[in-house]
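Novice: Quick note on UniProt numbering: the sequence shown kicks off at 1 and runs consecutively.
Note that the Cβ used here is the ideal one computed from N, Cα and C, for glycine as well.
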Amino acid sequence: MMLIDAKTVDEVLDWKSVVEALREGHRGARPQIDDLLMREGQEALLVRAAWQGGVGIGLKAVSVFPRNPESTPPLPAVQGQFLLFDGRTGEVAAVIDGAAITRWKTAGDSALGSALLSREDARALTMVGAGAQAEPLIRAHLAVRPSIGHVRIWNRSAPRAEALAARLGDAGRQVEVAGDLAAAVGAADIVCVATMATEPIVKGAWLKPGTHLDLVGAYRPDMREADDEALRKGRLYVDARETTVHEIGELMIPLASGAIREDDVIADFFDLVGGAEGRRSDEEITVFKNGGGAHLDLMTAQAIHRAAQARV
């Protein structure tokens, strides 16, 4: 059994290899997936498991404590571990740092969505939110859309956005902090939203033709980041139907109100990688819900395990 810490994860992965591992994983059979979510206020314990026949078995348990980074001393907002089991014998093959695998999997999920759905000539990216996941999300989008030359960051707290912009000084792009959310969204070819919002903060009226909207937050049934018009205005895609349509508020709430129908969800990754139709024109708006199912952790964990084994 290998114990793989966060430092090792960061050393053996890059964004292109993660995206390709996720793409290849979706050529296989649909996995069994199950989740357990417990919460107290804004804090949560999330346990996710996946079993993909012929591929492997994995389980991740993480705590989400959003106020941890502001504590003294500061602590990570997300902490936990991932257990990777051998798909043939059931043996524990590796224990992998849960926060690291979440960071790479979550951003890799959105990057695969962007590779499949955003315009290949996308020039401008707007990042809504400046939390722990914002930097990897930006770097992952830049990896699959190197045409992006301008990055705007909007956050309720401007100092956090400014700190993130400073960390991206090595990205080789123009990076700026946006003061006007509507204008920043309207100027973007790709809008990535990763917040703790429970009410919509991105409006469909702001989206210009050809935009790709990547919704990352809203992991609970009571959370939303985009309004009904945004979901109706674009063609709607998800990473996996099983972990999004009836599990996450971004879709559950507008489905319950009748704002959208279940058949408005055009396809998920298994469909798209299998050849389903994605973007049809440069003018079309695409909306992607990143649900982050356990099968994505499993695919990422296997890429980490293979790369770590190769270094031994």
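1. Could you pull the start and end residues of the beta strand (DSSP E) that residue 60 belongs to?
2. Pick out whichever of 138, 304, 79 and 193 has its Cα sitting closest to the Cα of residue 289.
3. Quick check: the region 172 to 189 against the region 73 to 81, are at least 3 beta-carbon pairs closer than 8 Å?
4. In the DSSP assignment, find the unbroken beta strand (DSSP E) run with residue 80 in it and report its ends.
5. From residue 71 to residue 282, what does the alpha carbon distance come to, in whole angstroms?
6. Give the DSSP bridge partners of residue 124, in chain order.
7. In three-state terms, what does DSSP make of residue 103?
8. Hey, which unbroken runs of the alpha helix (DSSP H) at 4 residues or more fall wholly within the region 264 to 299?
9. Spell out a yes or no on whether the region 43 to 54 and the region 175 to 189 are touching, meaning 3 or more CB-CB pairs, one atom from each, closer than 8 Å.
10. Quick one: residues in its chain with C-beta nearer than 7 Å to the C-beta of residue 111, no 5 flanking neighbours on either side, listed in chain order?
11. Out of curiosity, what's the CA-to-CA distance linking residue 167 and residue 131?
12. When the Cα of residue 214 is compared with those of 60, 134, 66 and 252, which residue comes out closest?
13. Using 7 Å as the threshold, is the C-beta distance between residue 98 and residue 62 below it?
14. Considering only the beta carbon of each residue, do residue 303 and residue 21 sit closer than 7 Å?
15. Going by DSSP, name the residue or residues bridged to residue 37.
16. Skipping 5 residues on each side, what residues in its chain have a beta carbon closer than 8 Å to that of residue 4?
17. Using beta-carbon positions only, say whether residue 57 and residue 82 come within less than 7 Å of one another.
18. Can you tell which of 129, 311 and 242 has its C-alpha closest to the C-alpha of residue 162?
19. Considering only DSSP beta bridges, list what residue 97 is partnered with.
20. Quick check: the Cα distance between residue 23 and residue 220, rounded to an integer number of angstroms?
Specialist: According to the structure data:
1. 56 to 64
2. 193
3. no
4. 78 to 85
5. 45 Å
6. 150
7. helix
8. 269 to 273
9. With a cut-off of 8 Å, the region 175 to 189 and the region 43 to 54 do not count as touching, because too few Cβ pairs lie within range.
10. For residue 111, where only same-chain residues beyond five positions count, the Cβ hits under 7 Å are 15, 19, 140, 141, 143 and 144.
11. 13 Å
12. 134
13. yes
14. yes
15. 46
16. These residues qualify, in order along the chain: 94, 95, 96, 97, 304, 305 and 308.
17. no
18. 129
19. Residue pairing by DSSP places residue 97 opposite 81 in a beta bridge.
20. 26 Å
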